[in-house]
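Written below as structure tokens is the structure these notes are about.
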Amino acid sequence: MGELMIGLYVFVLATLAGREVITKVPPTLHTPLMSGANAISGIAIVGAIVVAARAEGGVQMALGIAAIAMATFNVIGGFMVTDRMLAMFRKR
Amino acid sequence: MTTEFMVELAYLLSAYLFVVGLKRLQSPATARVGNALASLAMFIAIIATIVDTEILSWSGILIGIAIGGVLGGLAARMVEMTAMPQLVGILNGSGGGASALVAVAEFLNSPGIGVGTPGVTILLGTLIGGVTLSGSFIAFAKLQEIMTTDPITFPGQNAFNAILVVAIVSVGAMVLGVFGGQDPTTMFYIFGGLSLALGILLVIPIGGADMPVVISLLNSYSGLAASAAGFVIGNMALIISGALVGASGLILTQLMCKGMNRSLANVAFGGFGGGAKVDRALIGKRPVKRADAEAVAAELGYVNSVVVVPGYGLAVAQAQHELRKIGDLLEARGVDVKYAIHPVAGRMPGHMNVLLAEADVSYDKLYDLEDVNDDFSNVDAVLVVGANDVVNPAARDPQSIIAGMPILNVDKARRVIVMKRSLSPGFAGIDNDLFYMDNTLMFFGDAKDQMAELVREVRDLA
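Respectively, the protein sequence lines represent chains A and B. Quick note, in our numbering, the first sequence goes up one by one and the last residue is 551. Quick note, in our numbering, the second sequence goes up one by one and the last residue is 470.
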């Protein structure tokens, strides 16, 4: 089995796992779910680091820096704002 | 054990923690830990990548992290809860943009890539990431009201979009050298430009009222973009995380469409909002019963159960703190107070719940539509604040344009009090029979002023 097929299997199974887990999240938490999931999509930072690491300057370096900056913004902003919101959900 | 194996294990652990973290979001009591676990997962993935990668220059990486980290931290700390849809919009866009740039860099590394899996995944990553980036930018501009919130449509729009899609596929084929003769790099830049154009064109025809759907859909795209980037660089952690986010966004998109009783196709191509064929001249011409704050206080203060239905008008007026004070005062008098929240009460999924949580309403008092809808006939009084279409009984009339839309059955309650600025219609553009019912009292005025007045009146009750 080629790398592409393994990747597709993983993709489909992860989608199903995500579906199972996320359908059970109550509507009251849908905004934090969205911002938190959003932060997870900042995983593109991994790819961005790979790009920036091998760049020796020029266009590749510029792309790498921009990709890292955007992904980090996504990760830090997403997780922090999710935490800020979840801290507000209190039971009295 | 080799380093490579250790790194793969770290990515696996990271994927596992992402799923566990999302699972903890199933209850407000565990959600914060869940978010922390997901953050930890991200940290592990980043460390694994740094260990695994031969880094020629740290400076670029550190500059990128510093810029993104500072801006992200500031945005997360400073954003108003009412502006959360805008922030999520920017976050979607930046995630999608990062994924697209990874694909772009990968292409420029080997421009003569030719037909095959690597080339196709690079194009997919660029396309999905590009659409997410530009689409999110337009969604942000609409939410922030930098541009018009009305649908932007032009004759032949759908045909134009179809041609654009065909053009994207054709140019993509040229990038891979299918037809021979074109310079792949030039074609690739055109491909990127067309992807960005598609993102813009897909979002401009969607009206302000439909933004919850758009934000959810772009959320899903940002995940798919990350997955595509995972295929490009052959990294399972990206594929898995992206798939989780893609699934999450898609589920929320479906829920939002259901909450508005519309299909995704209808939202995407409908140009909905303000276009309904309704005789507006008749709206608000029938007699209503009015009440002032003192009368409303008496209606709420001497009963056993009150359900509050907050709408976006409440958040616009920033009156949620006054509302919570009223709830507290009523509870102190022994009244059972609940908050019933419609799925599309705010401007993104769950938005109203966050706004009430910010105002310190206990989360176990927040009820979803399904949990509360059968109980309204046992409720003594309902206080509707700044909501309209979501409590319109016309949804039960098969002839109505909102027929079948899920509504809160507030008209079944013994007494309904509607706090509103005027009798003007909501997004659907139709009149609301609820306002003219025998058991309904209209409490007109600015939500903030009137809620403050109501706080005083409830406090003064004997």
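Glycine is no exception: its CB is placed at the ideal position from the N, C-alpha and C atoms.
*Where B:M89 and B:Y320 are concerned, what is the direct C-alpha to C-alpha distance, given to the nearest angstrom?*
When rounded, the separation of the alpha-carbon atoms in B:M89 and B:Y320 is 12 Å.
_Please list, in chain order, the chain A residues whose beta carbon lies closer than 8 Å to that of B:H329._
For B:H329, none of the residues of chain A pass the 8 Å Cβ criterion, the least Cβ distance being about 13 Å.
*For my contact list, B:V315 and B:C265 are in at a C-beta cut-off of 8 Å; report their separation, rounded to the angstrom.*
Actually they do not touch by this definition, with Cβ atoms about 26 Å apart.
*Where B:R298 and B:V399 are concerned, what is the direct C-alpha to C-alpha distance, given to the nearest angstrom?*
Within the model, the alpha-carbon separation for B:R298 versus B:V399 is close to 18 Å.
_Would you say the beta carbon of B:A149 is closer than 8 Å to some non-hydrogen atom of the ligand NAD?_
Absent from the structure shown: the ligand NAD. Ligands present: none.
*asked:* Going residue by residue through the region 328 to 367 of chain B, where are the continuous alpha helix (DSSP H) segments of at least 4 residues, counting only ones entirely within it?
replied: 328 to 340, 359 to 366, all fully within the region 328 to 367 of chain B.
*Once you ignore the five residues that flank A:A514 on each side, which residues in its own chain have a CB closer than 6 Å to its CB?*
Taking A:A514 as the centre and dropping the five residues before and after it, the same chain places the C-beta of M520, G523 closer than 6 Å to its C-beta, in chain order.
_According to DSSP, simplified to helix, strand and coil, what is B:L416?_
Residue state, collapsed to three classes: coil.
_Please identify the residue among B:G104, B:A234, B:L469, B:N166 whose C-alpha is closest to the C-alpha of B:I212._
Comparing Cα positions, the closest option is B:N166.
*asked:* Judging by CA-CA distance, which residue of B:G189, B:P163, B:A273, B:T194 is the nearest neighbour of B:L225?
replied: Taking only the C-alpha atoms, the option nearest B:L225 is B:A273.
*asked:* Quick check for students: name the residue ranges of the beta strand (DSSP E) that lie wholly in the region 415 to 457 of chain B, counting only runs of 3 or more.
replied: The region 415 to 457 of chain B contains, as complete beta strand (DSSP E) runs of 3+ residues, the segments 423 to 428, 448 to 452 (chain order).
*Might you give, ordered along the chain, the residues of its own chain that have their beta carbon closer than 6 Å to the beta carbon of B:G283, omitting 5 neighbours on each side?*
Note that B:G283 has pLDDT 46, beneath the 50 cutoff, so the model's placement of it is unreliable and the number below is only indicative. Same-chain partners within the cutoff: there are none.
*Please name the residues in the region 193 to 222 of chain B whose beta-carbon is closer than 9 Å to at least one beta-carbon of chain A, in chain order.*
Per Cβ criterion, the list is empty.
*asked:* Going by C-alpha to C-alpha distance, which of A:G537, A:T490, A:K483 sits closest to A:N497?
replied: Among A:G537, A:T490, A:K483, the Cα nearest to that of A:N497 belongs to A:G537.
*For B:Q34, decide whether its Cβ has a neighbour in chain A, counting only Cβ atoms nearer than 9 Å.*
Yes, its Cβ sits closer than 9 Å to a Cβ of chain A.
*Among all the DSSP beta bridges, which residues are the ones paired with A:A514?*
Per the DSSP secondary-structure output, A:A514 pairs with nothing in a beta bridge.
*On the three-state DSSP scale, how would you describe B:V179?*
When DSSP states are grouped into helix, strand and coil, B:V179 belongs to the helix group.
*Exposure of A:R549, with buried meaning 16 or more beta-carbon neighbours within 10 Å*: Using a 10 angstroms sphere on the CB of A:R549, the tally of other CB atoms stays under 16, which defines it as exposed.
*Put B:L64 into one of helix, strand or coil per three-state DSSP.*
In the three-state scheme derived from DSSP, where H, G and I count as helix and E and B as strand, B:L64 is classed as coil.
*Counting along the chain, where does the beta strand (DSSP E) carrying B:Y310 start and finish?*
Counting along the chain, B:Y310 falls outside any beta strand (DSSP E), and DSSP gives it neither H nor E.
_When A:M464, A:L467, A:P491, A:V469 are compared against B:L260, the one with the closest alpha-carbon_ = Of the candidates A:M464, A:L467, A:P491, A:V469, the one whose C-alpha sits nearest the C-alpha of B:L260 is A:P491.
_I'd like to confirm the pairing. Which residues does DSSP put opposite B:Y472 in its beta bridges?_
The requested residue 472 of chain B does not occur in the structure, where chain B is confined to residues 9 to 470.
*Among A:G501, A:P486, A:T531, which residue has its Cα nearest to the Cα of B:L4?*
In the structure as shown, chain B begins at 9 and stops at 470. Residue 4 of chain B is therefore absent and cannot be evaluated.
*Check each candidate in B:A251, B:N312, B:L416 and name the one with the smallest Cα separation from A:R478.*
Among B:A251, B:N312, B:L416, the Cα nearest to that of A:R478 is on B:A251.
*Which residues does DSSP pair with B:L374 in a beta bridge?*
For B:L374, which the question treats as bridged, DSSP gives the partners B:Y347.
*Per DSSP, B:R298 is paired with what?*
Paired residues: B:M450.
_Among B:G453, B:K420, B:F451, B:V369, whose alpha-carbon lies nearest the alpha-carbon of A:M547?_
Residue B:V369 is the option with its Cα nearest to A:M547.
*For the region 62 to 138 of chain B, which segments carrying the beta strand (DSSP E) assignment without a break, of at least 3 residues, lie completely within its bounds, in sequence order?*
Fully enclosed beta strand (DSSP E) runs of 3 or longer: not present.
*So who's on the other strand from B:V392, going by DSSP bridges?*
Assignment of beta-bridge partners to B:V392 by DSSP yields B:V317, B:V426.
*Considering only C-alpha positions, which residue in the set B:S107, B:I98, B:V426 is nearest to B:A147?*
Considering only alpha carbons, the answer is B:I98.
*asked:* Please classify B:L64 as buried or exposed, where buried requires at least 16 neighbouring CB atoms within 10 angstroms.
replied: B:L64 should be labelled exposed.
_Validate contact between the region 290 to 309 of chain B and the region 226 to 246 of chain B using beta carbons, cut 8 Å, 3 pairs_ = No, the region 290 to 309 of chain B does not touch the region 226 to 246 of chain B.
*Any chance you could list the alpha helix (DSSP H) runs of at least 4 consecutive residues sitting entirely within the region 476 to 516 of chain A, in chain order?*
Complete alpha helix (DSSP H) runs here, min 4: 489 to 500, 503 to 513.
_Within chain A, partners of B:M92 - CB distance below 7 Å_ = Contact annotation for B:M92 against chain A: T490 [CB-CB distance below 7 Å, chain order].
_Which residues in chain A have a C-beta closer than 7 Å to the C-beta of B:K31? List them in chain order._
Listed along the chain, the chain A residues whose CB falls inside 7 Å of the CB of B:K31 are V480.
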